[in-house]
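Here the protein sequences come in this chain order: Y and D. Under my numbering, the residues of the first sequence are numbered 1 to 227, in order. Under my numbering, the residues of the second sequence are numbered 228 to 454, in order. Even for Gly, the Cβ is constructed at its ideal location relative to N, Cα and C. If you're wondering where the values come from, they're calculated on a predicted model, not measured in any experiment. Accompanying notes for the structure given below.
2 protein chains.
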Amino acid sequence: MEKRALRPIARLSTEAQATLSLREHILSGALKPGERLTETPLAEQLGIARATLRMGLHRLASEGILVQIPYTGWQVVALSADDVWELWTLRSSLESLASRLAAERMTDSGAAKVSEAVENLSAACRRGRVNDINKADFAFHRTIVDLAGHGRLSEHYRQVEQQVRLYIASTNVYNEPDDWSVVIEHHRPLAAALIARDPDRAEAEARRHNETFGKKLVAAMRKDEQP
Amino acid sequence: MEKRALRPIARLSTEAQATLSLREHILSGALKPGERLTETPLAEQLGIARATLRMGLHRLASEGILVQIPYTGWQVVALSADDVWELWTLRSSLESLASRLAAERMTDSGAAKVSEAVENLSAACRRGRVNDINKADFAFHRTIVDLAGHGRLSEHYRQVEQQVRLYIASTNVYNEPDDWSVVIEHHRPLAAALIARDPDRAEAEARRHNETFGKKLVAAMRKDEQP
DNA sequence: CCATTGACGATTGTCGTCAATCGTCAATAA
DNA sequence: TTATTGACGATTGACGACAATCGTCAATGG
């Protein structure tokens, strides 16, 4: 016998499962931006009815990773430089709020989570495997948002984060053999402010962090778009 | 003959029309929070198929003004004090960003729009009709967000605004015979900062505006919830 | 040769129907 | 009397089929 009581089984409607599956499939980079999706074959592949699949597609569209062209089909969004700018300004704003709130309600266990996240990121940077760094990076920011204890903020952030993931997956901006040590140096001040329970500094550091990264990224994109 | 060329007619899918219709119906306050909705009668009322209606319902759920209880029904969300706190902190964050951006890219025509909006609000306050004040208030803030020229921000703000509208419609917080002149005094500094093209001040004023209102509201709600 | 148009295949938009699941309430037995 | 259980009505969940609309491309006429 197990110690813990039985947990209620996680029941997911077929639509929810399909949405999950599709979302991960797209975000994994298996589908390139602009790639076309048609309902009928997709429904057959997933073994569900078209109407069911369709709900999932609509949801992903409302989340901004798919676009629908009436009577023509669905396609994975192709982000422009302006889109990336929008994403980063928005992310900066949301994460600044999250950081402030997280610092305000920081607990010992929360601080431990932040420490763990930043150490994971540090370890990943030392190993130098791009995918791992990426993952640890997202996990670090996600930790902060979760610690803010703000359901709607969490949901809005998730949508932005998702599109950022899509962008990262569809480009190789992270493949530049940059010095990975700078990545961790860019995160430590924010983590420190959080652990120190300093809302003002946490908010400022979050804003600074996002803005520097965002500016670099947008500049790189515009350079690519022009010629 | 008319001068202007024919504009493309606005074609809306039945689903989109149903969504629009439902959204306004709910936001108008015709349905009280917690009120139950069943698909079949609703579909009949609107004269559309259940599957079509259902897509609209799902959308409204993802926008946070409906909740779905599996195999049971849909209902209008009932916002708690915590929810209102979430809404106002989020709105503050988003509108601060919008105000900063709007101030940065302010043009003469933009400034005119801000002036017009604030004058409308002022006029409404003098007349003292609650509904008009309310409408002008939302229009003022919407003007700022539009002027920011940030599609995603606009969409995220819309969702928050919607829930705020729902909350306002379902309560009579605005019915207190407050001195309406204070309303306009709370808005003028922000408008002035925007017209002066001062991003820092605009951002700060937006934050201050939202926080004072939010705190007052949340405090009033908690007082109502406790006993 | 080229612009126009009509038809065709492909794809989504919408609909009606049946299956799965929920809450409730009465029947039952200790 | 009261806790359990079985059945019922109500409601959503999922499905397959038909209609509307799109882009394309060949046929047509100048």
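Under 8 Å between C-beta atoms of residue i and residue j
i, j, result
"histidine 414 of chain D", "leucine 348 of chain D", "yes"
"aspartate 425 of chain D", "alanine 330 of chain D", "yes"
"histidine 96 of chain Y", "alanine 169 of chain Y", "The question names histidine, yet the displayed sequence has serine at residue 96 of chain Y. Their beta carbons are not under 8 Å apart, which means serine 96 of chain Y does not touch alanine 169 of chain Y by this criterion."
"leucine 421 of chain D", "histidine 383 of chain D", "no"
"alanine 191 of chain Y", "valine 114 of chain Y", "yes"
"aspartate 143 of chain Y", "alanine 117 of chain Y", "Before going further, note that residue 143 of chain Y is threonine rather than aspartate in the sequence given. A contact, by the Cβ cut-off of 8 Å."
"methionine 221 of chain Y", "alanine 81 of chain Y", "yes"
"alanine 351 of chain D", "aspartate 359 of chain D", "yes"
"glycine 214 of chain Y", "tryptophan 88 of chain Y", "yes"
"leucine 90 of chain Y", "leucine 284 of chain D", "no"
"histidine 377 of chain D", "glutamate 86 of chain Y", "yes"
"alanine 431 of chain D", "alanine 375 of chain D", "no"
"glycine 337 of chain D", "tryptophan 407 of chain D", "no"
"alanine 10 of chain Y", "alanine 278 of chain D", "no"
Segment limits, alpha helix (DSSP H) that includes residue i
i, result
"valine 67 of chain Y", "Premise fails: valine 67 of chain Y lies in the beta strand (DSSP E), 66-69, not in any alpha helix (DSSP H)."
"threonine 14 of chain Y", "14-27"
"threonine 222 of chain D", "For chain D, the structure presents residues 228 to 454; residue 222 of chain D sits outside this window and is missing."
"methionine 282 of chain D", "277-289"
"glycine 298 of chain Y", "As shown, chain Y starts at 1 and ends at 227. That puts residue 298 of chain Y outside it, with no answer to give."
Residue i: first and last residue of the uninterrupted beta strand (DSSP E) it sits in
i, result
"valine 182 of chain Y", "Run containing valine 182 of chain Y: none in the beta strand (DSSP E); it sits in the alpha helix (DSSP H), 181-195."
"valine 76 of chain Y", "73-76"
DSSP bridge partner residues for residue i (one or two, in chain order)
i, result
"arginine 392 of chain D", "None; arginine 392 of chain D has no bridge partner."
"leucine 324 of chain D", "None; leucine 324 of chain D has no bridge partner."
"leucine 264 of chain D", "D/Trp301"
Close-in-space but distant-in-sequence residues of the same chain around residue i (CB under 6 Å, 5 per side omitted)
i, result
"lysine 3 of chain Y", "Per-residue confidence for lysine 3 of chain Y stands at a pLDDT of 47, beneath the threshold of 50, marking its modelled position as unreliable; no derived number is given."
"methionine 282 of chain D", "Glu242"
Residues near residue i in its chain [Cβ-Cβ closer than 7 Å; skip 5 each side]
i, result
"glutamate 290 of chain D", "Gln386, Gln389"
"leucine 280 of chain D", "Ala245, Glu266, Leu269, Ala270, Leu273"
"arginine 201 of chain Y", "Ala193"
"alanine 276 of chain D", "Ala270"
Other residues of its chain near residue i: CB distance less than 8 Å, five sequence neighbours each side excluded
i, result
"isoleucine 292 of chain D", "Arg250, Ile253, Leu254, Val303, Val304, Gln389, Gln390, Leu393"
"glutamate 438 of chain D", "Trp315, Ser319"
"glutamate 35 of chain Y", "Gln75, Val76"
"leucine 79 of chain Y", "Pro33, Leu87, Gln163, Leu166, Tyr167, Ser170"
"leucine 31 of chain Y", "His25, Leu37, Val76"
"methionine 183 of chain Y", "The identity of residue 183 of chain Y in the sequence shown is valine, whereas the question assumes methionine. Once the five neighbours on either side are set aside, the close Cβ partners of valine 183 of chain Y are Leu121, Cys125, Ile133, Asp137."
Under 7 Å from the C-beta of residue i: neighbouring residues of chain D
i, result
"alanine 51 of chain Y", "Ala278"
"serine 62 of chain Y", "Arg286, Ser289"
Contacts that residue i makes with chain Y (C-beta to C-beta distance below 9 Å)
i, result
"arginine 263 of chain D", "None at all; the shortest Cβ gap to chain Y is about 20 Å."
"glycine 378 of chain D", "Asp82, Asp83, Glu86"
"serine 408 of chain D", "The contacting residues do not exist; serine 408 of chain D stays about 31 Å from chain Y at best."
Interface partners of residue i on chain D, CB under 8 Å
i, result
"threonine 89 of chain Y", "Leu324, Leu328, His377, Leu380"
Interface partners of residue i on chain D, CB under 9 Å
i, result
"isoleucine 55 of chain Y", "The residue you asked about is not isoleucine; residue 55 of chain Y is methionine in the sequence shown. Those within 9 Å of methionine 55 of chain Y in chain D are Arg281, Met282, His285."
"histidine 156 of chain Y", "Leu317, Leu321, His383, Gln386, Val387"
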